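Participant: Residue numbers for the sequence shown, in my numbering: 159 to 783.
Heads up, the beta-carbon is just placed ideally off N, CA and C, and yes, glycines get one too.
Here the structure is a predicted model, which means the values were calculated and not measured.
Please read through the structure below; I'll follow up with questions.
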Amino acid sequence: MGEYEDIFRASTDDPEAFWLRAAQAIDWHKPPTRALDDSRPPFYRWFPDGELNVCHNALDRHVEAGRGAQPALIYDSPVTGTTRTYTYEQLRDEVARFAGVLAGLGVGHGDRVVIYMPMVPEAAVAMLACARIGAVHSVVFGGFAPRELAVRIDDATPSVIVSASCGIEGKRVIEYKPLLDRAIELAVNKPSHCVILQRPQAEAAMGENDVDWAEAMQSATPADCVPVAATDPLYILYTSGTTGKPKGVVRDSGGHAVAMCWTMPNVYDVDTGETIFTASDVGWVVGHSYIVYAPLLAGATTVLYEGKPVGTPDAGQFWRVVADHGVKSVFTAPTAFRAIKKEDPKGEHLAKYDLSTLRYLFLAGERLDPETQRWASDLLEVPVIDHWWQTETGWPIVANPAGIELLEIKPGSPTKPLPGWDVQVLDEAGKPVEAGTDGPIVVKLPMPPGSLPTLWNDDERFVSSYMSAFDGYYLTGDGGRIDEDGYVFVMGRTDDVINVAGHRLSTGGMEEVLASHPDVAECAVIGVADPMKGQVPRGFVVLKAGVDRDEAQLRAELVQLVRDQVGAVASLKDVAVVAALPKTRSGKILRKTMRGIADGNDEPVPSTIDDPAVLDALRPVLRRG
């Protein structure tokens with residue numbers, strides 16, 4: 159057996175010993191004597207008798223170990239032309255002072271703080287300051303619509319909101335304060351204060367309950383770390399639900415800290431003193447886990463990037479960041495690389511930069527199509543590692559564990575389950591299927607440390623959403639298969655499986671074929687209602703920059719490609735060439751919204767949309783036929 163197999167088996171044969179051993183990597187105020195409390199399934203709790211402080215583990219302990227002068231966080235902002243480096247000692251001092259600001263406003267252990275911030279260092283400072291004093295933070299993506307922000311304010315009931323005067327999205331300056339003021343008007347639960355970071359791009363008008371960040375920091379008394387129970391919540395992160403009411407995913411303190419510390423060297427192969435660049439946003443789970451918490455818990459250097467993969471100012475910015483900061487591992491979403499590929503299909507920007515420190519590219523957040531994987535692999539000449547996880551899980555379920563053993567890469571698969579994750583594919587009766595058979599992907603309970611213990615103030619919804627479909631299993635909501643080698647293939651959300659004349663077909667499989675065409679930068683396939691066949695697939699493709707093709711001929715080629723590789727049963731006869739696809743701010747294509755519009759429904763614009771104009775331009779195309 160290889161090293162991966164040995165470690166995976168150790169995690170399944172004796173999870174108690176495995177995770178207690180992993181817990182030794184962090185500092186405990188009161189070390190746990192046992193790993194798992196399984197007395198009340200499905201409400202499993204990790205390290206139930208342990209006490210710790212996550213901020214101490216992320217900052218203070220590294221300073222105390224003599225590494226206070228090491229870079230902790232590098233702020234790189236091409237949209238403002240700013241780069242700033244915080245050492246561990248500087249970041250600890252900044253966080254302690256802002257924790258003092260919050261404490262001075264009455265925030266204490268267990269209180270909630272909503273953070274509505276752009277990609278600036280102060281966002282990470284605010285998160286860690288909450289952890290320092292035992293408060294629970296809930297980050298809402300900066301620029302979210304007032305009504306959506308108000309819903310989250312009412313659910314989390316924060317005593318304080320931390321925000322900024324504005325954010326910068328590409329070339330647009332978005333004023334946050336009017337959005338925040340309107341959200342507070344709409345909310346039933348009003349915060350006592352709002353702390354506002356004034357940015358020079360747009361200064362906010364302050365109200366009577368507003369506190370200026372810079373002024374408050376000048377007079378604040380630094381706060382010490384407050385030990386909390388390992389089972390106390392560290393944060394709430396809202397994810398969309400089928401009912402329209404967002405689900406507040408809870409992350410516990412101890413399990414999260416242990417899982418984050420374990421993944422940095424074992425999955426991402428990033429050790430103390432090395433640098434990871436995670437191109438995401440603190441509003442998403444990727445930003446929580448791999449911009450803020452995991453790198454700092456592991457004593458690494460993290461890059462916080464305020465910009466886009468393209469357009470700020472060009473498609474070479476990721477390469478510049480790697481070269482400027484000596485990055486070892488890059489982590490972003492496949493859509494970012496499709497955007498780079500569309501703008502710079504030959505990778506000409508790459509030649510300007512020294513990428514000798516780069517060892518890996520990790521991609522997650524949506525399915526990685528084999529064509530994008532091949533393009534990135536050929537361009538960078540490093541392993542391109544797809545991995546699969548969710549807001550609910552907090553860290554990867556399936557990945558190629560680069561720091562343990564780099565396994566064979568199979569395009570289309572995020573590789574194998576990581577230690578602690580018992581991944582299965584079941585049939586409708588809840589029985590495991592044969593290798594290679596498609597079905598819903600589930601995780602056998604208990605899930606490992608760091609996964610959600612419940613939803614905020616909604617145990618009933620936690621059970622009905624995730625635990626009720628198959629007894630003893632967490633329902634991921636994704637479908638796919640596991641091959642005879644144990645590789646997991648995630649083909650998309652189970653509602654992206656369409657039924658064409660009785661044949662169940664994966665839209666992800668069809669997208670894979672369309673994406674393989676040399677002229678296609680990115681694509682989406684949705685199933686739309688059809689009176690004869692139940693559903694039929696419709697394809698939408700965005701072409702690479704500089705491609706000038708006869709659309710009728712290209713459509714014919716794409717239809718034939720799917721017919722050749724999926725079969726005539728796919729019935730894909732409708733492919734539209736479009737300028738752009740509607741996406742969330744994290745880069746996920748809004749397939750469900752597209753499907754609803756195509757089916758003639760009065761589909762609302764999702765709160766997570768990046769650019770509503772893209773969806774507006776696509777509506778007439780979706781509605782025809």
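Under 8 Å, do A282 and V386 count as touching if we go by C-beta distance?
Facilitator: No, the pair does not count as a contact, with Cβ atoms beyond the cut-off.
Participant: Mark D313 as exposed unless 16 or more other C-beta atoms lie within 10 angstroms of its C-beta, in which case mark it buried.
Facilitator: That one is buried.
Participant: Let me know the secondary structure DSSP gives A254 once reduced to three states.
Facilitator: Helix.
Participant: Evaluate the contact criterion for the segment 597-613 versus the segment 201-216: three or more CB pairs, one atom per stretch, below 8 Å.
Facilitator: Yes, the segment 597-613 is in contact with the segment 201-216.
Participant: Would you identify the three-state DSSP class for K499, choosing helix, strand or coil?
Facilitator: Three-state result, K499: helix.
Participant: Please tell me whether T551 and L231 are closer than 8 Å, where the distance is taken between their beta carbons.
Facilitator: In this structure, L231 does not lie closer than 8 Å to T551 by Cβ.
Participant: Are at least three pairs of beta-carbons, each pair with one atom in the segment 675-690 and one in the segment 754-769, less than 8 Å apart?
Facilitator: The segment 675-690 vs the segment 754-769: in contact.
Participant: Going by C-alpha to C-alpha distance, which of V542, V294, Q475, P336 sits closest to A509?
Facilitator: With distances taken between Cα atoms, A509 lies closest to Q475.
Participant: Which one of D768, P316, L392, L584 has the shortest CA to CA distance from K746?
Facilitator: Checked all of D768, P316, L392, L584; the closest Cα to K746 is D768.
Participant: Would you mind listing the beta strand (DSSP E) stretches within the segment 227-291 that are 3+ residues and don't spill past its ends, in chain order?
Facilitator: Runs found: 229-235, 240-245, 270-274.
Participant: Going by alpha carbons, who is nearest to F489 out of A303, D482, P554?
Facilitator: Of A303, D482, P554, the residue nearest in Cα terms is P554.
Participant: Counting along the chain, where does the alpha helix (DSSP H) carrying Y162 start and finish?
Facilitator: That run of the alpha helix (DSSP H) goes 161-171.
Participant: Just how far apart, CA to CA, sit D580 and S729?
Facilitator: Each residue's Cα considered, the two are about 36 Å apart.
Participant: Please check the pair A181 and A257, which I expect to be a contact at CB under 8 Å, by giving their CB distance rounded to whole angstroms.
Facilitator: In fact, because the Cβ distance is near 25 Å, the residues do not count as touching under 8 Å.
Participant: Considering only the beta carbon of each residue, do V353 and V331 sit closer than 8 Å?
Facilitator: No, Cβ-Cβ distance for V353 and V331 is not below 8 Å.
Participant: Nearest to A289 by alpha carbon, out of L773, Y631, H414?
Facilitator: Looking at the Cα atoms, H414 is the closest of the given residues.
Participant: Would you kindly report the start and end of the unbroken alpha helix (DSSP H) that includes P528?
Facilitator: Here the alpha helix (DSSP H) through P528 covers 528-538.
Participant: Suppose you measure from the CA of Y645 to the CA of V407; what does that come to, to the nearest Å?
Facilitator: If you take the alpha carbons of Y645 and V407, they lie about 28 Å apart.
Participant: Pick from E333, M375, F302: whose alpha carbon is nearest that of A360?
Facilitator: That would be E333, whose Cα lies nearest to the Cα of A360.
Participant: To the nearest whole angstrom, what separates the beta carbons of E247 and G226, a pair I think is in contact under 8 Å?
Facilitator: Their Cβ separation, rounded to whole angstroms, is 3 Å, which keeps E247 and G226 in contact under 8 Å.
Participant: Check this for me: beta carbons of G638 and I599, under 8 Å apart or not?
Facilitator: Closer than 8 Å, so yes.
Participant: According to DSSP, simplified to helix, strand and coil, what is T400?
Facilitator: Reliability fails at T400, whose pLDDT of 47 lies under 50, so the model's placement of it is uncertain and no value is given.
Participant: If we ignore side chains and look at the alpha-carbon of each, how far apart do V601 and A308 end up?
Facilitator: For V601 and A308, the distance between alpha carbons rounds to 33 Å.
Participant: Considering only the alpha carbon of each residue, which of L716, V658, C383, D390 lies closest to P689?
Facilitator: Closest option to P689, Cα to Cα, is V658.
Participant: Hey, would you say A481 sits closer than 8 Å to D512, going by beta carbons?
Facilitator: Going by C-beta atoms, A481 is nearer than 8 Å to D512.
Participant: Have a look at A710 and M285 and give me their C-alpha separation to the nearest angstrom.
Facilitator: Distance between the alpha carbons of A710 and M285 is about 52 Å.
Participant: Tell me whether the segment 426-440 and the segment 557-566 touch, counting them as touching only if at least three CB pairs, one residue from each stretch, are closer than 8 Å.
Facilitator: Yes, the segment 426-440 touches the segment 557-566.
Participant: DSSP three-state call for A687: helix, strand or coil?
Facilitator: Here A687 sits in strand by DSSP.
Participant: Would you kindly report the start and end of the unbroken beta strand (DSSP E) that includes M649?
Facilitator: Residues 646-651.
Participant: List the whole-angstrom C-beta distance separating S735 from L701, where the pair is believed to meet the contact cut-off of C-beta under 8 Å.
Facilitator: Looking at the sequence shown, residue 735 is not Ser but Val. Confirmed, Cβ separation roughly 6 Å.
Participant: Could you tell me the alpha carbon to alpha carbon distance between A223 and V384, rounded to whole angstroms?
Facilitator: Cα to Cα, A223 sits roughly 20 Å from V384.
Participant: In whole angstroms, what separates the C-alpha of R619 from that of R270?
Facilitator: Looking at the two C-alpha atoms, the distance is approximately 21 Å.
Participant: Would you call E327 buried or exposed, if buried means 16 or more other Cβ atoms sit within 10 Å of its Cβ?
Facilitator: The residue is buried, with at least 16 neighbouring Cβ atoms inside 10 Å.
Participant: Looking only at C-alpha atoms, which of T652, S438, P423, F520 sits nearest to L462?
Facilitator: Among T652, S438, P423, F520, the Cα nearest to that of L462 belongs to S438.
Participant: To which residues of the same chain is G588 closer than 8 Å at the C-beta, ignoring the five residues directly before and after it?
Facilitator: Counting only Cβ-Cβ distances below 8 Å, and skipping sequence neighbours, we find F628, D629, Y631.
Participant: Taking the alpha-carbon of I656 as reference, which of V694, S296, T612 has the nearest alpha-carbon?
Facilitator: Checking every option, the nearest Cα to that of I656 belongs to V694.
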